[in-house]
Amino acid sequence: AQKVTQAQTEISVVEKEDVTLDCVYETRDTTYYLFWYKQPPSGELVFLIRRNSFDEQNEISGRYSWNFQKSTSSFNFTITASQVVDSAVYFCALSEAMNTGFQKLVFGTGTRLLVSP
Amino acid sequence: DTAVSQTPKYLVTQMGNDKSIKCEQNLGHDTMYWYKQDSKKFLKIMFSYNNKELIINETVPNRFSPKSPDKAHLNLHINSLELGDSAVYFCASSQDSGGSYNEQFFGPGTRLTVL
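If you read the protein sequences in the order shown, they are chains W and S.
Note that my numbering has the first sequence beginning at 11, numbered continuously upward.
Note that my numbering has the second sequence beginning at 243, numbered continuously upward.
Right, here's the structure in full:
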């Protein structure tokens with residue numbers, strides 16, 4: 011079965027520091043998708059990015075960037091110049107193909123990021 | 243305009259009661275999901291429907307029964323509530339594009355507390 015490991019349970023940084031959240035995955039699928047979601051203290055889950063296994067280009071969106079490395083089965087997330095509003099739990103997720111032809115998402119355990127002023 | 247909405251947002255009830263949570267999406271998606279998030283924030287899929295048909299049914303007690311009256315709605319009924327059912331339940335939706343797995347959009351969650 012697929013597995014997503016987010017080894018960092020909690021990270022604390024001071025505003026303006028850069029921070030990287032690690033995500034390592036295991037899969038038997040040749041085609042798969044990786045995702046990051048943000049869960050702020052208000053509780054909702056916010057989609058951040060989707061990446062398919064054939065696209066290893068790094069992605070940058072404002073202060074956010076993602077590094078996908080198939081060779082190490084990792085999909086790490088970096089926040090540059092962190093801000094207090096970045097404080098949240100961040101989840102990495104991986105698609106798992108089922109024999110029905112559909113897929114489901116398998117989530118990591120999340121990393122809680124605390125950004126203090 | 244709320245994309246994925248759930249009612250109620252909070253639900254406090256006694257052990258043994260039966261309760262329902264409703265979910266609606268106005269994104270035009272064809273696939274909907276129920277997830278359970280426990281007190282340690284672990285998120286696990288429970289059910290999924292594609293065009294009103296059940297496609298994912300994880301190891302969930304029979305006391306949980308989903309129902310999808312149409313593509314835009316997915317409800318969750320829970321019988322004989324137990325203390326361990328206390329959690330946040332999230333509804334989500336996505337568009338299944340046949341071979342391409344698209345992102346899921348989540349509702350605000352329903353916090354269920356069983357006393």
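No residue lacks a Cβ here, since even glycine has one placed at the ideal position from N, Cα and C.
Note that the structure is a prediction, hence the values are computed from the model and not measured.
Answer with yes or no whether the minimum CB distance from residue i to chain S is below 7 Å.
i: Y43 (chain W); result: yes
i: E54 (chain W); result: yes
i: Q67 (chain W); result: no
i: Q113 (chain W); result: yes
i: F57 (chain W); result: yes
i: T82 (chain W); result: no
i: V99 (chain W); result: yes
i: F85 (chain W); result: no
i: R61 (chain W); result: no
i: S105 (chain W); result: yes
i: F78 (chain W); result: no
i: F117 (chain W); result: yes
i: T37 (chain W); result: no
i: T110 (chain W); result: yes
i: G120 (chain W); result: yes
Let me check understanding here. Comparing Cα to Cα, which of the options lies closest to residue i?
i: T79 (chain W); options: W:A17, W:K26, W:Y35, W:S22; result: Correcting the residue type first, residue 79 (chain W) is Gln in the shown sequence and not Thr. Comparing Cα positions, the closest option is W:Y35.
i: I21 (chain W); options: W:C102, W:D32, W:L55, W:T40; result: W:D32
i: T37 (chain W); options: W:A107, W:S126, W:F101; result: W:A107
i: E295 (chain S); options: S:T355, S:L354, S:A314; result: S:A314
i: F347 (chain S); options: S:W276, S:N321, S:L325, S:P250; result: S:W276
i: K114 (chain W); options: W:D39, W:P51, W:V95, W:D96; result: W:D39
i: P303 (chain S); options: S:G326, S:D312, S:N292; result: S:G326
i: K48 (chain W); options: W:V95, W:N109, W:A91; result: W:V95
i: G53 (chain W); options: S:P350, S:L357, S:L354, S:V356; result: S:P350
i: H319 (chain S); options: S:T301, S:T249, S:I297, S:F306; result: S:F306
i: T355 (chain S); options: S:N321, S:Y343, S:E345, S:S328; result: S:S328
i: N268 (chain S); options: S:V254, S:S281, S:D312; result: S:D312
i: F57 (chain W); options: S:K264, S:T301, S:N344; result: S:N344
i: F112 (chain W); options: S:N292, S:Y331, S:V330, S:S310; result: S:N292
Is the Cβ of residue i closer than 7 Å to any Cβ of chain W?
i: K415 (chain S); result: As displayed, chain S neither begins before 243 nor continues past 357, which places residue 415 (chain S) out of reach and without an answer.
i: Y343 (chain S); result: yes
i: L285 (chain S); result: yes
i: P250 (chain S); result: no
i: S289 (chain S); result: Looking at the sequence shown, residue 289 (chain S) is not Ser but Phe. False, the Cβ-Cβ gap to chain W never drops below 7 Å.
i: I320 (chain S); result: no
i: F348 (chain S); result: yes
i: W326 (chain S); result: Just to set this straight, residue 326 (chain S) is Gly in the shown sequence, not Trp. Not closer than 7 Å to any Cβ of chain W, the Cβ of G326 (chain S) fails to qualify, so no.
i: G270 (chain S); result: no
i: G351 (chain S); result: yes
Within 10 angstroms of the Cβ of residue i, are there 16 or more other Cβ atoms? Answer buried if so, exposed if not.
i: I70 (chain W); result: exposed
i: E266 (chain S); result: buried
i: P308 (chain S); result: buried
i: L104 (chain W); result: buried
i: Q67 (chain W); result: exposed
i: K13 (chain W); result: exposed
i: K278 (chain S); result: buried
i: S290 (chain S); result: buried
i: S81 (chain W); result: exposed
i: L357 (chain S); result: exposed
i: T352 (chain S); result: buried
i: A98 (chain W); result: buried
For this session: Flag this pair as touching only if the stretch 109-126 of chain W and the stretch 55-72 of chain W have three or more C-beta atom pairs under 8 Å; answer yes or no.
Result: Counting C-beta pairs closer than 8 Å gives fewer than three between the stretch 109-126 of chain W and the stretch 55-72 of chain W, which falls short of the contact rule.
Exercise. For the stretch 19-47 of chain W, which segments carrying the beta strand (DSSP E) assignment without a break, of at least 3 residues, lie completely within its bounds, in sequence order?
Worked result: If we require 3 residues or more, the beta strand (DSSP E) runs fully inside the stretch 19-47 of chain W come out as 20-24, 29-31, 34-36.
Exercise. Whole beta strand (DSSP E) runs in the stretch 284-357 of chain S with 3 or more residues, listed along the chain?
Worked result: 285-292, 295-299, 306-312, 315-320, 329-336, 352-356
For this session: Kindly confirm or deny that the stretch 328-337 of chain S and the stretch 267-277 of chain S touch, where touching means at least three C-beta pairs closer than 8 Å.
Result: yes
Problem set entry | Validate contact between the stretch 282-296 of chain S and the stretch 253-263 of chain S using beta carbons, cut 8 Å, 3 pairs | These segments do not touch.
For this session: Mind listing, in chain order, the continuous alpha helix (DSSP H) runs of no fewer than 4 residues lying wholly within the stretch 97-126 of chain W?
Result: none
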